[in-house]
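Structure record follows, encoded as structure tokens.
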Amino acid sequence: MDEQWGYVGAKSRQRWLFYAYDRLRKTVVAHVFGERTMATLGRLMSLLSPFDVVIWMTDGWPLYESRLKGKLHVISKRYTQRIERHNLNLRQHLARLGRKSLSFSKIGGAA
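Note that this note's numbering has the sequence shown beginning at 570, numbered continuously upward.
Listed below in structure tokens is the structure:
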């Protein structure tokens with residue numbers, strides 16, 4: 570699971586994309602949009618309940634730890650590399666999610 574920041578219209582209208590990524594199938598299983606709160610995380614967890622997830626792999630965001638207490642929860646950058654790469658792909662393809670360091674236009678010049 571991971572979350573990604575974005576905005577609607579103006580940066581003051583922040584929204585977060587929370588989603589779960591299946592590492593084996595390399596696809597998004599479920600997603601929700603909202604504020605970066607326990608309630609939004611809870612909505613994602615309820616969408617995932619039919620899947621009987623055995624191992625939860627996340628980054629070190631404290632709300633994950635409190636919400637996944639009592640479950641097999643792995644906190645590691647090693648196991649979140651694919652979802653972080655998926656975040657990068659989303660930022661590259663959707664200009665609103667882009668960061669200035671990766672998305673820019675070059676004017677003229679030889680390739």
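Positions of the beta carbon are idealized from the N, C-alpha and C atoms, including for glycine.
(request) Give me whichever residues DSSP pairs with glutamate 572 in a beta bridge. (result) Phe587
(message) On a Cα-Cα basis, can you pick out the residue from Trp585, Val623, Leu613 and Thr609 that is closest to asparagine 656?
(response) Trp585
(message) Excluding the 5 residues flanking leucine 641 on each side, which residues of the same chain have their C-beta closer than 6 angstroms to its C-beta?
(response) Ile624
(message) With H, G and I counted as helix, E and B as strand and the rest as coil, what does DSSP make of threonine 649?
(response) helix
(request) Evaluate contact between the region 599–608 and the region 572–588, counting only Cβ atoms and requiring at least three cross-stretch pairs below 8 angstroms. (result) yes
(message) Does methionine 607 pass the burial test, meaning 16 or more other C-beta atoms within 10 Å, or should it be called exposed?
(response) exposed
(message) Below 8 angstroms, how does it come out for the region 608–623 and the region 645–664: are there three or more Cβ pairs, yes or no?
(response) no
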